[in-house]
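Residue numbers (the numbering used here), protein chains in the order written: chain A, 337 to 438; chain B, 113 to 421.
For every residue, glycine included, the Cβ atom is placed at its ideal position computed from N, Cα and C.
Bear in mind the structure is a predicted one, so any value in this text is a computation, not a measurement.
Okay, structure first, notes after.
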């Protein structure tokens with residue numbers, strides 16, 4: 337399931353659960369196309385939480401997580417970042433990263 | 113075989129998506145594959161102003177419209193990286209990297225496009241598509257009355273520089289060798305008052321914080337002088353590479369790796385067609401890619417029908 341969150345909502349998430357956090361920008365073409373890929377992944381893995389965060393509107397959070405550009409995908413397990421993918425990536429690479437934490 | 117189709121289209125850029133639309137409307141059973149996402153090269157283009165009837169929109173917006181069009185018509189789509197295409201006469205075997213997936217089709221349209229050759233220096237990935245562009249026709253207008261750097265000295269670099277120098281306040285050319293384009297074009301460029309050329313240079317990095325602000329480069333001559341030029345935008349023209357490695361064994365590529373196709377987009381292998389930027393052509397634009405896709409799908413449909421007779 338894909339849910340958009342802001343910084344405050346991100347803090348309130350249950351971080352013990354494996355999750356994918358994606359930082360995107362409204363003006364970024366590859367981010368828009370990644371949305372297609374993530375939608376497809378969400379269909380395939382409906383129980384896996386995917387959270388998307390607006391890079392431009394959540395600058396403090398992206399600084400704290402060391403996110404420098406967009407799109408950036410962070411894969412979390414037990415509240416810790418296990419891996420990250422930067423840029424538009426192939427669906428199998430994203431699935432592989434999800435399966436490594438789920 | 114479960115994974116059997118009339119037509120498989122490899123690549124979901126404008127050429128592939130248009131081919132899909134034409135093929136499915138010709139009552140073909142169609143599968144479209146792409147390794148990354150629908151859209152192809154246009155997703156990196158900020159503004160498109162030359163696609164007839166579309167007005168001004170971003171590459172991603174156009175890509176989404178095109179993809180939705182294919183989905184409304186029921187085109188089957190999947191994310192796959194095609195690593196081999198085997199010609200078995202009536203059937204073409206499409207081999208994918210993921211899960212060893214294999215499909216077969218009576219006709220295959222190859223529309224995997226090209227990728228610009230990149231420098232691979234710091235800052236390039238960060239500003240790609242928002243400061244660094246590979247298409248002056250597409251993105252040049254946004255740099256009117258601004259300062260631009262062009263990387264490269266071949267025909268594309270010089271031709272696009274002449275265009276850009278006409279709209280920008282200052283144009284700097286940084287190239288690994290001297291200008292290698294047609295002498296007449298080089299002379300024309302050299303005479304333009306707002307153009308500075310730095311030959312025999314290695315680009316070191318692109319710099320900026322919120323936006324691209326400059327390029328650092330170094331002479332390849334003995335003095336190895338390092339320079340920094342401020343700019344609002346960069347255009348890279350150091351060549352392109354056709355995304356055609358998977359099809360090399362078919363003998364349908366020219367020496368640059370592009371697919372050789374005739375006016376009906378047929379390659380020399382019956383049942384295999386090329387469309388869009390991957391083919392040998394003069395003008396690589398969305399509108400010409402779409403045209404190729406339509407022609408290729410029409411030819412593919414005729415070919416599939418001919419097999420029934």
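Problem - Inter-residue spacing [alpha-carbon to alpha-carbon] between residue 161 (chain B) and residue 168 (chain B) - result: 5 Å
Practice task
Can you tell me which of B:204, B:141 and B:122 puts its alpha carbon nearest to the alpha carbon of residue 190 (chain B)?
Solution key: B:122
Practice task
Please confirm if residue 345 (chain B) has its CB atom under 8 Å from at least one CB of chain A.
Solution key: no
Problem - Test item: CB-CB of residue 229 (chain B) and residue 351 (chain B) under 8 Å - result: yes
Handout entry: Same chain, Cβ closer than 6 Å to residue 127 (chain B), five either side skipped, listed in chain order
Key = 223, 387, 388, 401, 404 and 405
Practice task
Please name the residue in B:326, B:349 and B:217 whose C-alpha comes closest to that of residue 339 (chain B).
Solution key: B:326
Exercise for the section: Note the first and the last residue of the continuous alpha helix (DSSP H) segment covering residue 420 (chain A). Expected result: That residue, residue 420 (chain A), is in no alpha helix (DSSP H); its beta strand (DSSP E) goes 416-422.
Handout entry: residue 314 (chain B): first and last residue of the uninterrupted beta strand (DSSP E) it sits in
Key = 313-320
Practice task
Taking only the alpha-carbon atoms, compute the straight-line gap between residue 172 (chain B) and residue 149 (chain B) and give it to the nearest angstrom.
Solution key: 11 Å
Practice task
Pull up the distance between the alpha-carbon of residue 403 (chain A) and that of residue 359 (chain A), whole angstroms please.
Solution key: 8 Å
Problem - Rounded straight-line distance, which links the Cα of residue 379 (chain A) to that of residue 260 (chain B) - result: 44 Å
Practice task
Report the residue ranges of all alpha helix (DSSP H) runs contained in full by the segment 337-392 of chain A; include only those spanning at least 4 residues, in chain order.
Solution key: 343-347 and 365-380
Handout entry: Closest by C-alpha distance to residue 215 (chain B), when choosing among B:157, B:144, B:246 and B:416
Key = B:144
Problem - Cβ-based contacts, 7 Å cut-off: residues of the segment 425-436 of chain A near chain B - result: 426, 427 and 428
Practice task
Please name the residue or residues paired with residue 354 (chain B) in a DSSP beta bridge.
Solution key: B:226
Handout entry: Cβ-based burial, residue 313 (chain B) [other Cβ within 10 Å; buried from 16]
Key = buried
Handout entry: Pairwise C-alpha distance: residue 285 (chain B) and residue 274 (chain B)
Key = 11 Å
Exercise for the section: Could you have a look at residue 246 (chain B) and say whether DSSP puts it in helix, strand or coil? Expected result: coil
Practice task
Quick one: give me the first and last residue of the alpha helix (DSSP H) that residue 386 (chain B) is part of.
Solution key: Here residue 386 (chain B) belongs to no alpha helix (DSSP H); instead the beta strand (DSSP E) covers 384-386.
Problem - Short Cβ contact (8 Å threshold) for residue 119 (chain B) with residue 219 (chain B) - result: yes
Practice task
Check whether the Cβ of residue 147 (chain B) lies closer than 8 Å to any Cβ atom in chain A.
Solution key: yes
Practice task
Name the residue from B:297, B:414, B:242 and B:280 whose alpha carbon lies nearest to the alpha carbon of residue 85 (chain B).
Solution key: The requested residue 85 (chain B) is not part of the displayed model; chain B covers only 113 to 421.
Exercise for the section: Would you list the one or two residues that DSSP bridges to residue 240 (chain B)? Expected result: B:244
Exercise for the section: Look up residue 343 (chain B) in the DSSP assignment and say whether it is helix, strand or coil. Expected result: coil
Exercise for the section: Answer yes or no: does any C-beta atom of chain A fall closer than 8 Å to that of residue 191 (chain B)? Expected result: yes
Exercise for the section: Determine the direct distance from the alpha carbon of residue 341 (chain A) to that of residue 205 (chain B), and round the result to whole angstroms. Expected result: 44 Å
Handout entry: Residue-chain proximity (residue 376 (chain A), chain B), Cβ-Cβ < 8 Å
Key = yes
Problem - Residues, ordered as in the chain, of the segment 146-178 of chain B that lie near chain A by beta-carbon distance below 9 Å - result: 147, 148, 149, 150, 151, 154, 155, 156, 157, 158, 170, 171, 172, 173, 175 and 176
Handout entry: residue 175 (chain B) burial status per 10 Å Cβ neighbour count (16 or more: buried)
Key = buried
Exercise for the section: Would you decide whether residue 409 (chain A) is buried or exposed? Buried here means 16 or more other CB atoms lie within 10 Å of its CB. Expected result: buried
Exercise for the section: Please classify residue 60 (chain B): does DSSP put it in a helix, a strand, or coil? Expected result: Any answer about residue 60 (chain B) is impossible in this case: the structure gives chain B only from 113 up to 421.
Practice task
Excluding the 5 residues preceding and the 5 following residue 246 (chain B) in the sequence, name in chain order all residues of the same chain whose CB lies nearer than 6 Å to its CB.
Solution key: 228 and 348
Handout entry: Below-8 Å beta-carbon distance, residue 369 (chain A) vs any chain B residue
Key = yes
Handout entry: Three or more C-beta pairs below 8 Å linking the segment 412-426 of chain A and the segment 365-372 of chain B
Key = no
Problem - Beta-carbon spacing of residue 347 (chain A), residue 396 (chain A) below 8 Å - result: no
Practice task
Flag residue 348 (chain B) as yes if its beta-carbon sits less than 8 Å from any beta-carbon of chain A, otherwise no.
Solution key: no
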